[in-house]
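Student: Residue numbers (the working numbering), protein chains in the order written: chain A, 50 to 266; chain B, 35 to 729. Every residue gets a Cβ at the ideal spot worked out from N, C-alpha and C, and that includes glycine. Structure provided below as structure tokens; questions to follow.
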Amino acid sequence: MKVTVDAVEVEVEEGTTMLEAARAAGRYVPTLCFDERMAPFGACRVCMVGVEGNDAPLASCTTPCSDGQQIHTDDETARRIATATVELVLSELPAEPEEHTELAEVARALEVGEPRWQGVQHEPKHDARHPYLAFQHELCISCGRCVRACDEVQGAFALTATGRGFHSNVTAGLDSGFTDSTCVTCGACADTCPTDAITEHLLLDLVGDPAKDGGPQ
Amino acid sequence: MSTRFDQSTTTTCGYCGVGCRLEAHRVDGSVRSISPAMDGPANKGHTCVKGRFAHQFARSRDRLTAPLVRENDGFRLASWDEAIGRITEAFNKIKAEHGPDAIAGLASSRGTNEDCYAMQRLMRAAVGTHNIDNCSRVCHSPTSFAMRSSLGLSGATGSFDDFEAADVALLVGVNPTQGHPVVGARIKQAAINGLKLITADPRRIELSDYGELHLPMRPGTNAALLNGLAHVVIRDGMVDSAFVDARTEGFDATAELVEAYTPDAVEGITGIPAADIERAAHLYGEAENACISWGLGVTEHLYGSEVVQLICNLALMTGNIARPGAALLPLRGQNNVQGSSDHAALPDTWTDYRPVTDDAVTSSFEERWGVKLKRERGMTIPEMFDAAVEGSLKAMYIFGEDVAQTDPDTAHVEKALDSLDFLVCQDIFDTETSKHADVILPASSFLEKTGTFTNAERRLQMVTPAADPPGSAKTDLEIICMVSKALGHDMGYESSADVMDEVAEMTPRYAGISHDRIGRTGLQWPVAKDGTDTPILYTERFEREGGLARFAALPYKPPGDAADDEFPLILVTGRRLEHYNAGTMTRRTENLSLLPSDTLEVNPVDAERIGVKAGEEVTVRSRVGEIRLPADVTERIEPGHVFTAFHFPEVRTNLLVGQSADVNTSCPEYKVVAVSVESVRSPGERPQPAELVTA
Numbered sequence: 050m051k052v053t054v055d056a057v058e059v060e061v062e063e064g065t066t067m068l069e070a071a072r073a074a075g076r077y078v079p080t081l082c083f084d085e086r087m088a089p090f091g092a093c094r095v096c097m098v099g100v101e102g103n104d105a106p107l108a109s110c111t112t113p114c115s116d117g118q119q120i121h122t123d124d125e126t127a128r129r130i131a132t133a134t135v136e137l138v139l140s141e142l143p144a145e146p147e148e149h150t151e152l153a154e155v156a157r158a159l160e161v162g163e164p165r166w167q168g169v170q171h172e173p174k175h176d177a178r179h180p181y182l183a184f185q186h187e188l189c190i191s192c193g194r195c196v197r198a199c200d201e202v203q204g205a206f207a208l209t210a211t212g213r214g215f216h217s218n219v220t221a222g223l224d225s226g227f228t229d230s231t232c233v234t235c236g237a238c239a240d241t242c243p244t245d246a247i248t249e250h251l252l253l254d255l256v257g258d259p260a261k262d263g264g265p266q
Numbered sequence: 035m036s037t038r039f040d041q042s043t044t045t046t047c048g049y050c051g052v053g054c055r056l057e058a059h060r061v062d063g064s065v066r067s068i069s070p071a072m073d074g075p076a077n078k079g080h081t082c083v084k085g086r087f088a089h090q091f092a093r094s095r096d097r098l099t100a101p102l103v104r105e106n107d108g109f110r111l112a113s114w115d116e117a118i119g120r121i122t123e124a125f126n127k128i129k130a131e132h133g134p135d136a137i138a139g140l141a142s143s144r145g146t147n148e149d150c151y152a153m154q155r156l157m158r159a160a161v162g163t164h165n166i167d168n169c170s171r172v173c174h175s176p177t178s179f180a181m182r183s184s185l186g187l188s189g190a191t192g193s194f195d196d197f198e199a200a201d202v203a204l205l206v207g208v209n210p211t212q213g214h215p216v217v218g219a220r221i222k223q224a225a226i227n228g229l230k231l232i233t234a235d236p237r238r239i240e241l242s243d244y245g246e247l248h249l250p251m252r253p254g255t256n257a258a259l260l261n262g263l264a265h266v267v268i269r270d271g272m273v274d275s276a277f278v279d280a281r282t283e284g285f286d287a288t289a290e291l292v293e294a295y296t297p298d299a300v301e302g303i304t305g306i307p308a309a310d311i312e313r314a315a316h317l318y319g320e321a322e323n324a325c326i327s328w329g330l331g332v333t334e335h336l337y338g339s340e341v342v343q344l345i346c347n348l349a350l351m352t353g354n355i356a357r358p359g360a361a362l363l364p365l366r367g368q369n370n371v372q373g374s375s376d377h378a379a380l381p382d383t384w385t386d387y388r389p390v391t392d393d394a395v396t397s398s399f400e401e402r403w404g405v406k407l408k409r410e411r412g413m414t415i416p417e418m419f420d421a422a423v424e425g426s427l428k429a430m431y432i433f434g435e436d437v438a439q440t441d442p443d444t445a446h447v448e449k450a451l452d453s454l455d456f457l458v459c460q461d462i463f464d465t466e467t468s469k470h471a472d473v474i475l476p477a478s479s480f481l482e483k484t485g486t487f488t489n490a491e492r493r494l495q496m497v498t499p500a501a502d503p504p505g506s507a508k509t510d511l512e513i514i515c516m517v518s519k520a521l522g523h524d525m526g527y528e529s530s531a532d533v534m535d536e537v538a539e540m541t542p543r544y545a546g547i548s549h550d551r552i553g554r555t556g557l558q559w560p561v562a563k564d565g566t567d568t569p570i571l572y573t574e575r576f577e578r579e580g581g582l583a584r585f586a587a588l589p590y591k592p593p594g595d596a597a598d599d600e601f602p603l604i605l606v607t608g609r610r611l612e613h614y615n616a617g618t619m620t621r622r623t624e625n626l627s628l629l630p631s632d633t634l635e636v637n638p639v640d641a642e643r644i645g646v647k648a649g650e651e652v653t654v655r656s657r658v659g660e661i662r663l664p665a666d667v668t669e670r671i672e673p674g675h676v677f678t679a680f681h682f683p684e685v686r687t688n689l690l691v692g693q694s695a696d697v698n699t700s701c702p703e704y705k706v707v708a709v710s711v712e713s714v715r716s717p718g719e720r721p722q723p724a725e726l727v728t729a
């Protein structure tokens, strides 16, 4: 079937998502919770697009295309929702995300400036018990990518989403750290994390390692 | 995209045979981080604890950075000229006095295809002997032998993608989540998504927990199990007669042979309940598309090469071959086990396994290199050690292999190394083997060289340097070319691409391979002159004379070692996730803090009988040696069996393994060693033969 993304017509297979169609058409759609290695999740609401005939924007990563659809990645409402979402996410972080992170990239692409809302920010909480993997819990935005990478790419089932609302975060095992969980140190969580909430000590060494200084022990 | 790195290079992992494509990130001249390449065909954006994290070894302070030559009882630093001068002097003297066959070389399954091809050319053209072998001798040589004999070619018939396309997969003697973690993860995901998995292994492996059925056979009884499965497939009418008639030969003899292998009879031999054998045969036989995968639990036996032929039988009689999802997928151990053998680092074959006894092929190499070559095969690794002890082999050039740790019967190997007049080791670290060397040449790791590895899918992939070799160390190819030139045979290669061009020119099945064409996503051989590669083998014909695959009617025969009153337990050895083979690399990384030492897995029933608790030290004694290590009491291992790995030099597991080896390929029988296990604290503690327990 055929769909049009920002006036670019693309031929797609049944079941193709709007995000896949947009990427096939060479159009940029910002995403935070999406990773092509895992099943679409639809949690972050950053990949919103406008669809002709639809009143409200749709999450492109979880919505399948139908024939003849006209999709707009630059839909004004969609962009406004995405930008505000990223702005809210940033407002909870104690510091700006590192430049190389996907979150920083998306914020740049959406031109999110200093957050307008000044609410509570996460307190730094680091875990440096594992020889390679480091937690910086205050950077967790609960996108669920690490948990899904652990389940759907590796199959170690070591990570779990914890807490509710502002206290949502991620933990290894029964809050026992990577080494005492079923973690097999494949690194898929660090690889997919869009904020460095899970990263490697070796990489933190390159920018100074806060996790090593402020571990819980 | 902004980055923290000075440079990122896409290359291919140098650990196991999966062939993950990696991005190696460089800061200040060294590799500081590795992440998965999203377009890697085998890893699809994933890595494991070895490929991703265990790269610190490359920056280790004890890397060899300059040549070393023996002086008195130790070594001293030397220039490249002096080191190579010593080699040429010794080799020329030995050649003059004893002939070229008094010298032997080992290429490395860790090296690139180009390194291995150059190494065999060095031995054949510069030294003048076919005494060249590589470490696939001690792991998958039985696979290579059997697949060539049954199907025609030495390689997997398909790709890892087949696990996702299959309905059923049978894993025999392989533990992918530990030994081949990225494929292990792919199989686990496939199982979660509906692939019906049958695991057959003396240990209950992690994937057994995700499978339909686990078949814990007694070590060394694989042949009985496979003939039993064939029996049920035939008895219950699951044979694909159209396929058998059109594309195979020898079915009737096999059918006749397996008649005796009733599930009850097989239960008697293997210990697997007859009902489970029936169920496994039906799962496999009734699948639309089924794969079989195996590892060293099949090959490292007295009849390993025969069991691989029995695996081929099962696939052939059900027509489960040559389609997506229907494949035979041996999981090759090292990064380049496939390629080192493909590229002629074997005593009996040229590239693409063409025999040295074939006059036309050998003539073509004589012509290409301007030398005279014999038509008789050279020595295999075990034959080399025997010849050294016996006195007819005088010198060895060992590149990238720690035979004194990894080969069986360590005491015999060390005696062989000590018997040599001259030993060259080319490696990145001092090893147990290099302690016996006369000259040690400092080489390069996979992060520092250019070339290709061939993974377990027959896929050649580019290795691209992300850092420079340390100090005055050189790439393996440079060193081999220098030594060859000093011996009077200038190979004339300017780059590793030149080596591959020569391979393509000399090898019809590899005719279209070049570094340019390999590109980012690789080529699966055979590769036609126009560059078309072959993801699935045998879609039209089998690569044997007449184009038919061959059934092999082979009975079960007992393994070379058996438990008795003195040695009542069977030791099985294998890999652990955190470490890699001799541990030369992984023990120099933080992986050591993830797994600092080895243990002996003992079933609770045996532990109680022996009187040992978890964590307590035990002595393990076999007919040839003795080691000590702590016990791990676990139900993963069946009663009557014990398990340990071979990653730690302080344990030296291979002191226990004897000389028993595969009947066709002399691959050692690492998987069946009768042992006795005693608590070191037990009252009847036996005095230790001290010379065998070297720390």
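Any heavy atom of the ligand COA inside 8 Å of the beta-carbon of G485 of chain B?
Tutor: The model depicted lacks the ligand COA and carries no ligand whatsoever.
Student: At 3 residues or longer, what runs of the beta strand (DSSP E) sit wholly inside the region 44 to 68 of chain B?
Tutor: Fully enclosed beta strand (DSSP E) runs of 3 or longer: 55 to 61.
Student: DSSP on Y431 of chain B, reduced to helix/strand/coil?
Tutor: It is a strand residue.
Student: Cα-Cα, which of B:A71, B:T440, B:V667 and B:P630 is closest to D640 of chain B?
Tutor: When only C-alpha atoms are compared, the closest one is B:V667.
Student: Of the residues that make up the region 222 to 247 of chain A, which ones have a beta carbon closer than 7 Å to any beta carbon in chain B?
Tutor: Listed in sequence order: V233, T234, C235, G236, A237 and D240.
Student: Where N615 of chain B and L365 of chain B are concerned, what is the direct C-alpha to C-alpha distance, given to the nearest angstrom?
Tutor: Going by the C-alpha atoms only, they are around 15 Å apart.
Student: According to DSSP, is P297 of chain B part of a helix, a strand, or is it coil?
Tutor: Correct three-state label for P297 of chain B: helix.
Student: Is V161 of chain A close to chain B, meaning its C-beta is less than 9 Å from at least one C-beta of that chain?
Tutor: V161 of chain A does not count as touching chain B.
Student: Return the chain-ordered ranges of every alpha helix (DSSP H) run that is complete within the region 154 to 217 of chain A and spans a minimum of 4 residues.
Tutor: If we require 4 residues or more, the alpha helix (DSSP H) runs fully inside the region 154 to 217 of chain A come out as 194 to 197.
Student: Could you check whether L626 of chain B and F677 of chain B sit closer than 9 Å to each other, using their CB atoms as the reference points?
Tutor: Contact: no.
Student: Out of B:L330, B:C54, B:G608 and B:P134, point me to the one whose CA is closest to V216 of chain B's CA.
Tutor: When only C-alpha atoms are compared, the closest one is B:C54.
Student: Suppose contacts are defined by Cβ-Cβ distances below 9 Å. Is H214 of chain B in contact with D235 of chain B by that definition?
Tutor: No. Outside cutoff.
Student: Could you say if the region 188 to 206 of chain B and the region 310 to 324 of chain B meet the contact criterion of at least three C-beta pairs nearer than 8 Å?
Tutor: Result yes; three or more Cβ-Cβ pairs closer than 8 Å.
Student: With 16 other CB atoms within 10 Å as the buried threshold, where does Q167 of chain A fall?
Tutor: By the neighbour-count rule (16 or more Cβ atoms within 10 Å), Q167 of chain A is not buried but exposed.
Student: Contact between the region 450 to 466 of chain B and the region 328 to 339 of chain B: three or more CB pairs below 8 Å?
Tutor: Output reads no: the region 328 to 339 of chain B does not touch the region 450 to 466 of chain B.
Student: Any idea if R575 of chain B is buried or exposed, counting beta-carbon neighbours within 10 angstroms, 16 or more meaning buried?
Tutor: Exposed, because fewer than 16 other Cβ atoms sit within 10 Å of the Cβ of R575 of chain B.
Student: So with CB distances below 7 Å, who are the chain A contacts of I226 of chain B?
Tutor: What I226 of chain B touches in chain A: G204.
Student: With a cut-off of 9 Å, does the C-beta of Y77 of chain A fall near any C-beta of chain B?
Tutor: Judged by the 9 Å Cβ criterion, Y77 of chain A is not in contact with chain B.
Student: Based on the DSSP output, what are the partners of R584 of chain B in its beta bridges?
Tutor: R584 of chain B pairs with B:E283.
Student: Along the chain, where does the alpha helix (DSSP H) that runs through H316 of chain B open and close?
Tutor: From DSSP, the alpha helix (DSSP H) with H316 of chain B extends over A308 to E320.
Student: Using the Cα positions of F197 of chain B and G85 of chain B, report the straight-line distance between them to the nearest angstrom.
Tutor: Straight-line Cα distance between these residues: approximately 22 Å.
Student: Extract the residue ranges of the alpha helix (DSSP H) inside the region 606 to 635 of chain B, only unbroken runs of 4 or more that lie entirely within it.
Tutor: Counting whole runs of 4 or more residues, the region 606 to 635 of chain B contains the alpha helix (DSSP H) stretches 625 to 628.
Student: Pick helix, strand or coil for C515 of chain B, following the three-state DSSP scheme.
Tutor: Looking at C515 of chain B - three-state DSSP - the assignment turns out to be helix.
Student: Is any beta-carbon of chain B found at less than 9 Å from that of D176 of chain A?
Tutor: So no, D176 of chain A is outside the interface.
Student: For V787 of chain B, does the three-state DSSP call read helix, strand or coil?
Tutor: Given a span of 35 to 729 for chain B in the structure shown, any question on residue 787 of chain B remains unanswerable.
Student: Quick check: the Cα distance between E63 of chain A and N77 of chain B, rounded to an integer number of angstroms?
Tutor: Answer to the nearest angstrom: the Cα atoms are 27 Å apart.
Student: Quick check: the Cα distance between T509 of chain B and C232 of chain A, rounded to an integer number of angstroms?
Tutor: Going by the C-alpha atoms only, they are around 36 Å apart.
Student: Along chain B, in chain order, which residues have C-beta atoms closer than 9 Å to that of L255 of chain A?
Tutor: By Cβ distance, chain B contributes R38, F39, V61, R66 and S67.
Student: Going by DSSP, what residue range makes up the beta strand (DSSP E) through V711 of chain B?
Tutor: V711 of chain B -> beta strand (DSSP E) spans V707 to S713.
Student: Is the region 393 to 406 of chain B close to the region 423 to 442 of chain B, with three or more CB pairs under 8 Å?
Tutor: At 8 Å Cβ cutoff, the stretches do not touch.
Student: Would you say P253 of chain B and V685 of chain B are within 9 Å of each other, going by their C-beta atoms?
Tutor: No. Outside cutoff.
Student: Consult DSSP for I744 of chain B and reduce its assignment to one of helix, strand or coil.
Tutor: Because chain B in this structure spans residues 35 to 729, residue 744 of chain B falls outside the shown range and cannot be described.
Student: Rounded to a whole number of angstroms, what is the C-alpha to C-alpha distance between S426 of chain B and A136 of chain B?
Tutor: The alpha-carbon atoms of S426 of chain B and A136 of chain B are separated by roughly 6 Å.
Student: Between the Cα of C173 of chain B and the Cα atoms of B:V83, B:A500, B:Q90 and B:V342, which residue gives the shortest distance?
Tutor: Of the candidates B:V83, B:A500, B:Q90 and B:V342, the one whose C-alpha sits nearest the C-alpha of C173 of chain B is B:V342.
Student: E147 of chain A to K222 of chain B, Cα distance in whole Å?
Tutor: Using only the alpha carbons, I get a separation of about 34 Å.
Student: Check whether the region 347 to 364 of chain B touches the region 118 to 136 of chain B, counting contact only when three or more Cβ pairs, one atom from each stretch, lie closer than 8 Å.
Tutor: These segments do not touch.
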